[in-house]
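Here is the structure we will look at.
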Amino acid sequence: TLLCSPSLCSTMVLEVGDADMETLKEQTKARILATQGYRLKSEQRLLRDECDILLNLIGAESRVYEAARPLSLYSCTARYEELNATLKETIKKLGKVAHQLDRFENEALPQAT
Numbered sequence: 005t006l007l008c009s010p011s012l013c014s015t016m017v018l019e020v021g022d023a024d025m026e027t028l029k030e031q032t033k034a035r036i037l038a039t040q041g042y043r044l045k046s047e048q049r050l051l052r053d054e055c056d057i058l059l060n061l062i063g064a065e066s067r068v069y070e071a072a073r074p075l076s077l078y079s080c081t082a083r084y085e086e087l088n089a090t091l092k093e094t095i096k097k098l099g100k101v102a103h104q105l106d107r108f109e110n111e112a113l114p115q116a117t
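5 is the number of the first residue of the sequence shown in my numbering; add one for each residue after it.
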């Protein structure tokens, strides 16, 4: 009969267990990387949308303001300064996220494969 000794059987189980653990580790790592990539891309999309909304709002408010006051410039108002500061901050955040996403795609993803 082909019975194995207790020490040989436990070694075989450990080897199978180690292989399974490696597979699980790789799958978990892939899921974490996918989640991180998705989060960065989602954040980038949201910040782009916020920039577009702010630009559209500035444009619309500018047209209304200057139509009501032909000799005044909207860009000289406190409201414009407020929206413009928010836009600059959003663009700054967008740059940081774009940089993180670029690093992620160039460093983390190649290491995962």
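Using N, Cα and C, we set each Cβ at its ideal position, and we do this for glycine too. As the structure is a prediction and not an experimental result, all values here were calculated from the model.
Stretch-stretch touch, CB-based, cutoff 8 Å, three pairs: the stretch 41 to 58 with the stretch 93 to 113: yes
Quick one: what does DSSP say Arg73 is sitting in, helix, strand or coil? Of the three classes helix, strand and coil, the one that applies to Arg73 here is coil, per DSSP.
For a test of the three-state rule: what should DSSP assign to Thr81, helix, strand or coil? coil
Contact check, Ile62 vs Leu28, beta carbons under 7 Å: no
Compare the Cα-Cα distances from Ala89 to each of Arg43, Ala71, Leu58 and report the closest residue. Minimum Cα distance to Ala89 is reached at Leu58.
Euclidean distance between Cα positions of Gly41 and Leu105: 7 Å
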